[in-house]
Amino acid sequence: MESLFQGKSVSLSYIMDDVRVEAIKQLDFEIETGKFTCLAGASGSGKSSLLNLLGFIEPLQQGQIKYRGQLISEFSEIELNRIRRFEIGFVFQSFFLIDVLTAEENVEYFLARQEVPEEKRKLLVRSALEWVGLADHAHKRPGQMSGGQRQRVAIARALAKQPKVILADEPTANLDSKTGSDILQLLVRLCREHGCTVIMASHDHQAINMADRVLRLRDGQLLGEK
Ligand SMILES: Nc1ncnc2c1ncn2[C@@H]1O[C@H](COP(=O)(O)OP(=O)(O)O)[C@@H](O)[C@H]1O
Ligand SMILES: [Mg+2]
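Per our numbering, residue 78 is the first one in the sequence shown, and the count goes up by one each step.
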């Protein structure tokens with residue numbers, strides 16, 4: 078099986094008030110292409126830190142990470158930006174939608190910044206919103222939608238860029254369990270139908286049950302698999 082990410086002795090620490098917090102400690106990991114991987118672990122175990130490393134949001138401090146077989150330390154800043162913008166879709170716990178824009182405009186906003194031509198943009202936006210079941214809500218603003226619908230917009234926004242990877246950080250944490258379960262199903266379908274690799278941080282047991290693979294973290298270390 079091809080691996081999308083491979084990590085070797087990866088460590089990450091933060092300095093806060095002159096104190097060093099080790100969030101990730103000497104981690105070795107492999108994340109397979111096309112699979113749904115869940116990073117599980119209690120709050121503070123390092124899930125977000127690892128996702129941020131994989132999304133090139135957090136710079137690599139120690140160790141090695143390969144993305145599609147290539148060391149990320151060998152990518153230029155421009156290449157890393159391109160991968161982050163075009164190949165990785167992000168979904169967050171608090172949605173991060175723009176309040177003054179409609180669902181459609183939220184999905185389109187990012188594509189417009191990527192200079193996707195207007196005709197193609199409209200098509201991508203429409204099919205992403207249809208795919209998440211929000212075709213009839215395209216003109217609503219986030220404030221007029223439920224939490225589950227907002228998260229669907231965020232998933233449509235990630236999907237519209239036709240990414241290779243979706244990084245989802247506790248995407249169900251602000252939702253009730255039924256809505257959370259619908260969102261998880263959607264992420265599973267995204268993986269199966271669009272061939273996206275989904276990497277999700279969650280301590281939701283439903284998420285853990287649905288995942289192809291579960292990597293359990295504790296205090297920045299891997300405890301092993303499901
Ligand atoms: N920006 C930051 N500055 C300082 N410490 C941080 C920062 N982000 C995370 N941490 C610390 O790193 C550890 C891992 O956090 P995090 O990766 O957010 O875990 P999780 O997502 O599993 O809750 C925790 O001890 C947390 O307090
Ligand atoms: Mg977190």
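We put the beta carbon where it would ideally sit given N, CA and C, even for glycine.
Residue i - containing alpha helix (DSSP H), residue span
| i | result |
| --- | --- |
| T256 | S254 to H271 |
| K124 | K124 to L131 |
| L206 | E195 to W208 |
| M277 | Here M277 belongs to no alpha helix (DSSP H); instead the beta strand (DSSP E) covers T274 to A278. |
| L236 | G224 to A237 |
| A189 | A180 to R190 |
| A284 | H282 to M287 |
beta-carbon residue i near ligand 2 non-hydrogen atom, thresh 8 Å
| i | result |
| --- | --- |
| D296 | no |
| S171 | no |
| D246 | yes |
| S305 | Past the boundaries of the shown model lies residue 305; the chain is included only from 78 to 303, so the question cannot be answered. |
| S223 | no |
| S120 | yes |
| A278 | yes |
Alpha-carbon spacing of residue i relative to residue j, whole angstroms
| i | j | result |
| --- | --- | --- |
| G84 | H216 | 42 Å |
| K197 | Q262 | 27 Å |
| A288 | D246 | 14 Å |
| A237 | R161 | 14 Å |
| K199 | E181 | 9 Å |
| L137 | V230 | 30 Å |
| D95 | G121 | 19 Å |
| V168 | I276 | 10 Å |
| G220 | D176 | 7 Å |
| L267 | V209 | 10 Å |
| P194 | S254 | 39 Å |
| E302 | F106 | 11 Å |
| A119 | I92 | 21 Å |
| Q170 | Q228 | 8 Å |
| S126 | I134 | 9 Å |
| E207 | R295 | 38 Å |
N-terminal and C-terminal residue of the beta strand (DSSP E) that residue i is part of
| i | result |
| --- | --- |
| K102 | V96 to E109 |
| Q19 | Because the chain spans 78 through 303 in this model, residue 19 falls outside it and cannot be assessed. |
| R293 | R290 to R295 |
| P81 | The sequence shown places Leu at residue 81, rather than the Pro named in the question. Counting along the chain, the beta strand (DSSP E) containing L81 begins and ends at S80 to M93. |
| D246 | V242 to D246 |
| A212 | No beta strand (DSSP E) holds A212; DSSP gives it neither H nor E. |
| A117 | F113 to A117 |
Pair within 9 Å by beta-carbon distance, residue i and residue j
| i | j | result |
| --- | --- | --- |
| L244 | I149 | no |
| V291 | T114 | yes |
| Q226 | K102 | no |
| Q239 | L201 | yes |
| V242 | L81 | yes |
| F172 | N251 | yes |
| S223 | T256 | yes |
| L157 | L130 | no |
| T249 | A205 | no |
Heavy atom of ligand 1 within 8 Å of residue i beta-carbon
| i | result |
| --- | --- |
| A250 | no |
| M93 | yes |
| A34 | With the chain covering 78 to 303 only, the question about residue 34 has no answer from this structure. |
- Task: Can you check the stretch 127-175 for any alpha helix (DSSP H) of at least 4 residues that lies completely inside it and give the ranges in chain order?
- Result: 154-163
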